[in-house]
Structure formats: structure tokens, C-alpha cells
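The sequence shown: position 75 = 74 (numbering that gives the first Met the number 0), numbered continuously.
Ideal Cβ placement from N, Cα and C applies to all residues, glycine included.
Small disclaimer: the values here were computed from a predicted structure and weren't measured.
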Amino acid sequence: MGGGENYCEGCRSFGCLNSELESKRLPKDLNHKAITFIVETLAKAIDIKYINPNVLLVLGGGISRRYPDIAQKLDELISNNVEVTVAPEQSKSSAFAGLYYLLSRG
């Protein structure tokens, strides 16, 4: 999803959703207006991509740790269930935690 000027260190492009909303680009303290903007932007991206409402969405990385209200408000706004990653803070990837979660449910 494009639309901004920031460079994404993940996908190496400009203007992707991550480049606009990643936690290191956000101020340390977010007010209600900023959190609402982030949640509404995430909800629009989910709607544009049409993510099946039965799919669990897991927010990972620093944004979910620094701003837990984002996951809670997003969960209230969209049909999908939203959870915050259970990956340890020191891990570079939360992929293993997602796989473990899926395996433990089966």
C-alpha cells in the first residue's frame, strides 16, 4: 500500500504501510488523535487487501509493544480478531512465534 514518502527498511520501498507507521518513526508518546489515525489507516489497509474476517491478525514488533492501545482499538474496529505478538522482545523476527501459535492450536 503506497501513499507516503518514508523509506521502508523491510521491503526497501518508499511509501509502504510499514514505512509510514513503523514504531521508530512515531513519537514516543502518542495522543488519542494519533492512535486513532494509525488504527484507521491499518483498518483501511486491511479492507483494501480484503483479509478474510475469520483470519487472526497479529501485530508484531515495536509498534505493538510501545502502543498496546493500537491492537485493542483495531480489534474493536474490524471484524478480525487482533492480538499482540508473543515473540520475545529481543527476537529479530516473530515468525517463529506465529508458527508456534498455529501449531499449538491444532
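message: Between the alpha carbons of Gly1 and Leu41, how many angstroms are there, rounded?
response: Taking the first residue of the sequence shown as 1, we reach residue 1 at position 2. Taking the first residue of the sequence shown as 1, we reach residue 41 at position 42. With a pLDDT of 45 at Gly1, under the threshold of 50, the predicted position of this residue should be treated as unreliable, and no value is reported.
query: Under the rule that 16 or more other beta-carbon atoms within 10 Å means buried, what is Leu101, buried or exposed?
result: Here the question's residue 101 lines up with position 102 in the sequence shown. The residue is exposed, with fewer than 16 neighbouring Cβ atoms inside 10 Å.
query: Apart from the five residues just before and just after Arg104, which ones in its own chain have a Cβ nearer than 8 angstroms to its Cβ?
result: Translated into the one-based positions of the sequence shown, residue 104 becomes position 105. Excluding positions up to five away in sequence, the list is empty.
C-alpha gap between Ser78 and Ala33, whole angstroms: Against the sequence shown, residue 78 aligns to sequence position 79. Against the sequence shown, residue 33 aligns to sequence position 34. Roughly 22 angstroms between the two C-alpha positions.
message: Thr84 and Val57 - do their beta-carbons sit closer together than 8 angstroms?
response: Numbered from its first residue, the sequence shown carries residue 57 at position 58. Numbered from its first residue, the sequence shown carries residue 84 at position 85. Yes, they are a contact pair.
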